[in-house]
Structure formats: C-alpha cells, structure tokens
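Note sheet for the following structure.
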Amino acid sequence: MTDDVLTQDGDHAVGYEVHDRVAVITISRPGTRNALSTEVLRGLSTGLDRAEADDGVGAVVLTGGPRIFASGADVRELRATTPAAYVQSERLAAWQRIARFPKPAVAAVAGYVLGGGCELALTCDLVVAADTAVLGQPEIRLGILPGAGGTQRWARVAGRYRAAELVLAGRPVDAWTAQRMGVVNQVVPAERVVEAGIAAARSIAEHSPVAARLAKAALRASEELPMTGALDHERALLATLLSTDDHREGIDAFLEKRPAHFTGR
Numbered sequence: 000m001t002d003d004v005l006t007q008d009g010d011h012a013v014g015y016e017v018h019d020r021v022a023v024i025t026i027s028r029p030g031t032r033n034a035l036s037t038e039v040l041r042g043l044s045t046g047l048d049r050a051e052a053d054d055g056v057g058a059v060v061l062t063g064g065p066r067i068f069a070s071g072a073d074v075r076e077l078r079a080t081t082p083a084a085y086v087q088s089e090r091l092a093a094w095q096r097i098a099r100f101p102k103p104a105v106a107a108v109a110g111y112v113l114g115g116g117c118e119l120a121l122t123c124d125l126v127v128a129a130d131t132a133v134l135g136q137p138e139i140r141l142g143i144l145p146g147a148g149g150t151q152r153w154a155r156v157a158g159r160y161r162a163a164e165l166v167l168a169g170r171p172v173d174a175w176t177a178q179r180m181g182v183v184n185q186v187v188p189a190e191r192v193v194e195a196g197i198a199a200a201r202s203i204a205e206h207s208p209v210a211a212r213l214a215k216a217a218l219r220a221s222e223e224l225p226m227t228g229a230l231d232h233e234r235a236l237l238a239t240l241l242s243t244d245d246h247r248e249g250i251d252a253f254l255e256k257r258p259a260h261f262t263g264r
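Okay, so the sequence shown: first residue is 0 according to numbering that gives the first Met the number 0, each after it adds one.
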C-alpha cells in the first residue's frame, strides 16, 4: 500500500493511498467541512492524474472519510470570483479534468454531500452512501446555481421535476431518498462507507482494465449522444476490445474454468 499527501496548505489536504488495485483519494479539510477550495481541487486533479498513469490502479474511490464528504465550494473564494476570472480559472479546469477521468470511479460519501461536493459525487460511476449522508444543491440560497454538472446530472438521473426540488428549492435529500431517485447505488452504516466504497471499486478493478475504461466511455456516451450515435459508438468500442489480449484471455479463462489474468492489453 502506498500512502501520500497530494496537497497540504494549512487545512487544505488531499490524501492518496493504494489498496491492491484501488486508489483512495481522501479530502481532509475538517475545519471547513471539507469545502472544495482551489487547492483541494488541485489535489484531486493530481490524484486522478496519478491514478490514470498507474497501470496498477484499476479503479478509484473518492471520499472524505466516514463522517463528511464535502460541503461545497469555499464560499470565501466564490465571493471574490468575477465572471471573467471564473471562465479562465483553475477551478473550472480542475472540474473538467475530474469529469474526463477515464477509469471507473466510486464515491464513498457520508455526512454533508452538498453543492460542489454533491456534484463531485455525481461525476463518479457509482455512489456508495452512508446512512448519515445528506445530499443537496443549496446554491440557490447563495444566489447562484450548481455550475459543476449538478443541474444536468440530477435531471438526467432523477428527472427534471425531482431535480427541481434540489436545484430550485435547495431542498436536500437523505441517502435512502437519493437511492430511490437512482443517484445512490448502496446505503451502508457510516463506519463502513469507505470500506464499502473500496469493495465496490475492487469488484470493478478485478476485471480487464481496458474493457472497464471502454465500458465507462460507452455509458458516458449515453448522456451526450442520441440513441443511434450511442449504439454506433458502443459497437466501435466493442470492435476495439475484440482485438485485445484481454478479450482472448477472458474467453480462454471462461472455457477453461479458471480465473482470468488480465494485463490491460
């Protein structure tokens, strides 16, 4: 297991460690309820860069630990941001980097999962939530709107009318309600949320790395392409996989009734 601190500046800290084939990136800024400052977003981007470059990492878990995930943007930074500064900001670049991460990612969330913290969870492919988790988009109370995907991802998963309760009314939901809305995959006791997130990521990481990346790409295409284009994209990705060593190994292992040994090629 490797263990590292990606960024440390006062109370801005993002940790990085690897458990088997799962990288765990942890936000640790308790003095501000894990508010997503520019420094924290930089640390998250650095962690994702490291995980993407490491062939030994098959999936990632984003967490803030068993008590809190993230309470949203750092409002002091937000108060000083002008429109021109925002469109050229490191914050916006970091969010774009997070959304483009190609390997499967699991959010393990507990406590406050609000604003940008909620949007961060929604960039992941699976969400494991503690029974203490409260998810919401309270930006309307600050005279703004969710700007890191919250309006779009909530509406696409839960439907526009349910999304309006969070975005327009600023009304949070608990983990069980979020699960019924289709945003949360699994609800577990708070003390087990990181463990459960790692288990979910490990169940993905044991499969072919190249197949997992392309399957994620196919799923993401469903959010952006019409059905015909998405099906064409899916077929093209499958054709790519049919040329890989992992494809042949997977079939051989199945026929020989043995575990597959994938290499990512």
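Backbone N, C-alpha and C fix where the C-beta goes; we use that ideal spot for every residue, glycine too.
Pair within 8 angstroms by beta-carbon distance, residue i and residue j
i    : j    : result
V183 : Q136 : no
G115 : A147 : yes
V60  : A174 : no
G249 : S207 : yes
A220 : A229 : yes
V74  : V39  : no
T176 : V209 : no
Local Cβ density within 10 Å of residue i, reported as buried at 16 or more and exposed below that
i    : result
P29  : exposed
I143 : exposed
L241 : exposed
P101 : exposed
D251 : exposed
G158 : exposed
G213 : According to the sequence shown, residue 213 is Leu rather than Gly. Result: buried.
L218 : exposed
P258 : exposed
P188 : exposed
V192 : buried
P145 : buried
A50  : buried
T80  : exposed
T239 : exposed
R41  : buried
D245 : buried
Cβ shell of residue i (< 6 angstroms), same chain only, five flanking positions each side left out
i    : result
A163 : none
T37  : E89 and R90
L35  : A69, A72 and G115
A129 : A109, A189 and V192
7 angstroms Cβ shell around residue i - same chain, five flanking residues per side excluded
i    : result
D54  : G263
C117 : L134, G135, Q136 and G149
M0   : Because M0 sits at a pLDDT of 47, beneath the cut-off of 50, its placement in the model cannot be relied upon, and the point is left open.
E76  : S36 and T37
A154 : A162
Span separating the alpha-carbon of residue i from that of residue j
i    : j    : result
V186 : G64  : 15 angstroms
V17  : V23  : 6 angstroms
L224 : S202 : 28 angstroms
P171 : A120 : 15 angstroms
L43  : I26  : 8 angstroms
R20  : F261 : 13 angstroms
G181 : Q151 : 14 angstroms
A195 : R96  : 25 angstroms
V126 : A106 : 5 angstroms
E222 : K256 : 37 angstroms
V156 : F253 : 34 angstroms
T62  : I197 : 10 angstroms
A132 : R247 : 42 angstroms
D231 : L237 : 10 angstroms
E265 : R78  : Since the first and last residues shown for the chain are 0 and 264, residue 265 lies out of range.
Spatial neighbours of residue i in its chain, beta-carbon cut-off 8 angstroms, leaving aside the 5 residues before and after
i    : result
A276 : Residue coverage of the chain in this structure runs from 0 to 264, which leaves residue 276 outside it and unanswerable.
I67  : P29, R32, N33, A109, G110 and Y111
K215 : P101, K102, P103 and D124
E233 : A217 and A220
Closer than 8 angstroms to chain E by CB, residue i
i   : result
G42 : Within the model displayed, chain E is absent; a lone protein chain is all it includes.
At 4 residues or longer, what runs of the alpha helix (DSSP H) sit wholly inside the segment 131-158?
The DSSP assignment places 149-157 as complete runs of the alpha helix (DSSP H) inside the segment 131-158, in order along the chain (cut-off: 4 residues).
Give, in chain order, every unbroken run of the beta strand (DSSP E) that is at least 3 residues long and sits entirely within the segment 9-72.
Whole beta strand (DSSP E) segments, 3+ residues: 11-18, 21-26 and 58-62.
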